[in-house]
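J.: Per the numbering used here, the sequence shown starts with residue 6, numbered consecutively. The beta-carbon is built from N, C-alpha and C at its ideal position, and this holds for glycine as well. Just passing along the structure, written as structure tokens.
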Amino acid sequence: MDGAVYTVDAARPWAQAVAVRGGRIVAVGTDDEIRALIGAATEVVELDGAMLLPGFQDAHAHPPSSGLEMLQCNLSQVYRLGAYERIIAEYAAAHPELGWIVGGGWSMDVFPGGNPSKEILDGLVPDRPIYLTSRDGHSAWVNSRALEMSGVADDTPEPADGWIVRAPDGQPAGTLHEGAVQLVERLLPKETDEDWIAGLRVAQSYLHSLGITAWQDANVGIEAGYRTLDAYLTFAASGDLSARVIGALWWDRHRGPEQIEDLVAARQRGVVGRFAATSVKIMQDGVIENFTAGVLEPYLDAEGRPTENRGRSFVDPEELKAIATRLDAEGFQVHIHAIGERAVREALDALEAALRANGPNDHRHHIAHIQVVHPDDLPRFRELGVVANGQPLWAALEGQMVHLTIPFLGPERSTWQYPFGSLARSGAILAFGSDWSVSSPDPILQIHVAVNRRAPRTYAYGGESGDVFLPDERIDLATAIAAFTVNAAYVNHLDADTGSIEVGKYADLAVVSRNLFDLPDDELFDAKVEQTYVEGERVFG
Ligand SMILES: [Zn+2]
Numbered sequence: 006m007d008g009a010v011y012t013v014d015a016a017r018p019w020a021q022a023v024a025v026r027g028g029r030i031v032a033v034g035t036d037d038e039i040r041a042l043i044g045a046a047t048e049v050v051e052l053d054g055a056m057l058l059p060g061f062q063d064a065h066a067h068p069p070s071s072g073l074e075m076l077q078c079n080l081s082q083v084y085r086l087g088a089y090e091r092i093i094a095e096y097a098a099a100h101p102e103l104g105w106i107v108g109g110g111w112s113m114d115v116f117p118g119g120n121p122s123k124e125i126l127d128g129l130v131p132d133r134p135i136y137l138t139s140r141d142g143h144s145a146w147v148n149s150r151a152l153e154m155s156g157v158a159d160d161t162p163e164p165a166d167g168w169i170v171r172a173p174d175g176q177p178a179g180t181l182h183e184g185a186v187q188l189v190e191r192l193l194p195k196e197t198d199e200d201w202i203a204g205l206r207v208a209q210s211y212l213h214s215l216g217i218t219a220w221q222d223a224n225v226g227i228e229a230g231y232r233t234l235d236a237y238l239t240f241a242a243s244g245d246l247s248a249r250v251i252g253a254l255w256w257d258r259h260r261g262p263e264q265i266e267d268l269v270a271a272r273q274r275g276v277v278g279r280f281a282a283t284s285v286k287i288m289q290d291g292v293i294e295n296f297t298a299g300v301l302e303p304y305l306d307a308e309g310r311p312t313e314n315r316g317r318s319f320v321d322p323e324e325l326k327a328i329a330t331r332l333d334a335e336g337f338q339v340h341i342h343a344i345g346e347r348a349v350r351e352a353l354d355a356l357e358a359a360l361r362a363n364g365p366n367d368h369r370h371h372i373a374h375i376q377v378v379h380p381d382d383l384p385r386f387r388e389l390g391v392v393a394n395g396q397p398l399w400a401a402l403e404g405q406m407v408h409l410t411i412p413f414l415g416p417e418r419s420t421w422q423y424p425f426g427s428l429a430r431s432g433a434i435l436a437f438g439s440d441w442s443v444s445s446p447d448p449i450l451q452i453h454v455a456v457n458r459r460a461p462r463t464y465a466y467g468g469e470s471g472d473v474f475l476p477d478e479r480i481d482l483a484t485a486i487a488a489f490t491v492n493a494a495y496v497n498h499l500d501a502d503t504g505s506i507e508v509g510k511y512a513d514l515a516v517v518s519r520n521l522f523d524l525p526d527d528e529l530f531d532a533k534v535e536q537t538y539v540e541g542e543r544v545f546g
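In structure tokens:
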């Protein structure tokens, strides 16, 4: 009652109050209209001027591993070397029982060239191996003990799908990129099913505290070492999964189409409670910061001269077409990671091939990250019905963008980044997700950056928040909210029941401290989620 109810329903965007019965919304209207429905047993929640929204949905996140990271040596909340050192030393001291110090969340732009050295870690913990993944998960920082134990040395050949950063004498320097991380990762104590469930539990509480009621998990694993499908099924079967989760089953790029059988079998196990594994996630390229994103024209070097390097296509583009076509025919949604403009084009080509071969359907394929999109490809999202799945927190002039991206893409291509405004204007469906733990899953923070294309002044993730990044690619508040509610629900196939405040839908709701539409754009981040509901049950606040 007495609130600003923003419904995200085009037919009736605003109301004052909502009535809920049996977990569903039964009326949306004015205070007077809703007051008439109050009975003796009705619980009345006064909004007192707060804003009520549909629960936020995250279209691309990694909650079990992110939750586990919160329980491990967690560097993701700070952005300075000194703070990393303090956290690592404190964590090691607090956990004398651990054979390995494992964690992650460091930011590449804190280190020269994006490569932290083993000596820093050796100075903190000389006697136990350390393994810390980068914020984006594509690199690892290790100490000398970890290198010794894994046998990585000056004579270790470079792996085909990654590389070892080396000192001038050829010795490994402490950073491993892409596939090279596996040289050490394979020695880590394997996470148990209980670990993943513990991570999921922490993650769910945290996401609810940010108003999130549903997400798409962009990496649901069925292989030993990352068996998160089992974790979700167990968690859901025990009744503890209060969020709605669509699982994107991991495509193992080292295997071929024969794995489709396994994915079909996994999907058949995967409808329990609010969980269903109906999507498949394919990694088509890496990331720009270490030059593994697939680009059409070569990367520049630090002096601005063209190199020979056009990044990677983790899946051969012709094979990607065949895989997408098969998955589409099997009824899967295809969720493709594509960062560079060549990878985005390869992903669109593959989804176009599936459409031509199988005809139209309702699988709602999506391409996540879409960091660099060639202007010629912008209209294809709408034409092909492919959802553009963006991570708005990355669309700002932060350290990683200024120092590790723009110089290597060059001036023209740098303006093709995160083209959310262009995509929205083209009529594409724009859905947002955080890629947590790559970056914060806070939807309000992400909405702030999507609207402003600038980090909030109090939130310096890598600093350099100064100028607006590509002003034409800003989107308005309503478009940003839709990307986290109705459009994310669409890509999650949850829009019939969630994503807007409408009679008949589930009462999955978020209460925000301020009406976002009353705030100046550059103060949006100041609003805080105060309560979160799933099917009318309070899960936060
Ligand atoms: Zn991801």
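If you scan the stretch 373 to 432 from start to end, which runs of the beta strand (DSSP E) of 3 or more residues do you find wholly inside it?
T.: 392 to 395
J.: Does the distance from the C-beta atom of residue 198 to that of residue 232 stay below 8 Å?
T.: Residue 232 sits close to residue 198, with the two beta carbons spaced by under 8 Å.
J.: Could you pull out every residue in the same chain whose Cβ sits closer than 7 Å to the Cβ of residue 492, ignoring the five residues on either side in sequence?
T.: 434, 435, 436
J.: Please check the pair residue 251 and residue 221, which I expect to be a contact at CB under 8 Å, by giving their CB distance rounded to whole angstroms.
T.: 5 Å
J.: Terminal residues of the continuous beta strand (DSSP E) containing residue 170?
T.: 167 to 171 is the extent of the beta strand (DSSP E) around residue 170.
J.: Taking residue 112 as the reference, give the member of 190, 405, 125 with the closest Cα.
T.: 405
J.: Which runs of the beta strand (DSSP E) spanning at least 3 residues fall entirely within the stretch 95 to 179, listed in chain order?
T.: 106 to 111, 135 to 139, 144 to 147, 167 to 171
J.: Just tell me which of 245, 473, 540 has its CA closest to the CA of residue 457.
T.: 473
J.: Would you report the Cα separation of residue 420 and residue 270, rounded to the nearest angstrom?
T.: 43 Å
J.: Count the other CB atoms, across all protein chains shown, that sit within 10 Å of the CB of residue 273; report buried if there are 16 or more and exposed otherwise.
T.: Around the beta carbon of residue 273, fewer than 16 other beta carbons lie within 10 angstroms, which makes this residue exposed.
J.: Which class does residue 447 belong to by DSSP, given the choice of helix, strand or coil?
T.: coil
J.: Look at the alpha carbon of residue 123 and the alpha carbon of residue 149, and state the distance between them as a whole number of angstroms.
T.: 6 Å
J.: Any idea if residue 461 is buried or exposed, counting beta-carbon neighbours within 10 angstroms, 16 or more meaning buried?
T.: buried
J.: Please name the residue, chosen from 398, 447, 376, that lies closest to residue 428 on a Cα-to-Cα basis.
T.: 376
J.: Beta-carbon distances below 7 Å to any heavy atom of ligand 1 define the shell here; list its residues in chain order, please.
T.: 65, 67, 223, 224, 342, 373, 440, 443
J.: Which residues mark the beginning and the end of the alpha helix (DSSP H) in which residue 304 is found?
T.: Taken as a continuous stretch (DSSP letters only), residue 304 belongs to no alpha helix (DSSP H), as it is neither H nor E.
J.: With DSSP collapsed to three states, give me the class of residue 61.
T.: In the three-state DSSP reduction, residue 61 falls in the strand class (E or B).
J.: Which residues bound the beta strand (DSSP E) around residue 275?
T.: Run containing residue 275: none; DSSP gives neither H nor E here.
J.: For residue 499, which residues from the same chain have a beta carbon less than 8 Å from its beta carbon, with the 5 sequence-adjacent residues on both sides left out?
T.: 62, 219, 249, 251
J.: What first and last residue would you give for the beta strand (DSSP E) that runs through residue 338?
T.: 338 to 343
J.: Please determine, among 430, 546, 539, 242, the residue with the shortest C-alpha to C-alpha distance to residue 27.
T.: 539
J.: Between the beta-carbon of residue 320 and the beta-carbon of residue 398, is there less than 8 Å?
T.: Against a cut-off of 8 Å, the Cβ pair of residue 398 and residue 320 comes out as no contact.
J.: Considering residue 545, what are the terminal residues of the beta strand (DSSP E) in which it resides?
T.: Here the beta strand (DSSP E) through residue 545 covers 542 to 545.
J.: Can you check whether the CB of residue 169 is closer than 8 Å to the CB of residue 185?
T.: yes
J.: Helix, strand or coil, according to DSSP, for residue 249 in the structure here?
T.: strand
J.: What does a CB cutoff of less than 7 Å around residue 114 pick up in its chain, not counting 5 residues either side in sequence?
T.: 404, 405, 408, 409, 467
J.: Between residue 593 and residue 22, what straight-line distance do the alpha-carbon atoms span, to the nearest angstrom?
T.: No statement about residue 593 is possible, as the shown extent of the chain runs from 6 to 546 and does not include it.
J.: Please check if any C-beta of chain D sits within less than 8 Å of the C-beta of residue 379.
T.: Going by chain labels, chain D is absent from the structure shown, which holds only one protein chain.
J.: Taking C-alpha atoms, which residue in 29, 46, 19 lies nearest to residue 36?
T.: 19
J.: With respect to the alpha helix (DSSP H) encompassing residue 537, which residues constitute its N-terminal and C-terminal limits?
T.: That residue, residue 537, is in no alpha helix (DSSP H); its beta strand (DSSP E) goes 534 to 539.
J.: Applying the criterion that 16 or more other CB atoms from any shown protein chain within 10 Å of the CB defines a buried residue, is residue 417 buried or exposed?
T.: Under this definition residue 417 is an exposed residue.
J.: Could you round the C-beta distance between residue 154 and residue 134 to whole angstroms and report it? I think they count as a contact, below 8 Å.
T.: The Cβ separation is near 5 Å, so the contact holds.
J.: For the beta strand (DSSP E) holding residue 218, just list the boundary residues, first then last.
T.: Judged by DSSP secondary structure, residue 218 falls within the beta strand (DSSP E) whose first and last residues are 217 to 225.
J.: Under the DSSP definition of a beta bridge, which residues are partnered with residue 79?
T.: Among the bridge pairs identified by DSSP, residue 79 is matched with 109.
J.: What are the partner residues of residue 11, as DSSP defines its beta bridges?
T.: 19
J.: My guess is that residue 337 and residue 285 are in contact by the Cβ rule of under 8 Å, so how many angstroms apart are they, rounded?
T.: Residue 337 to residue 285, Cβ: 5 Å. Contact.
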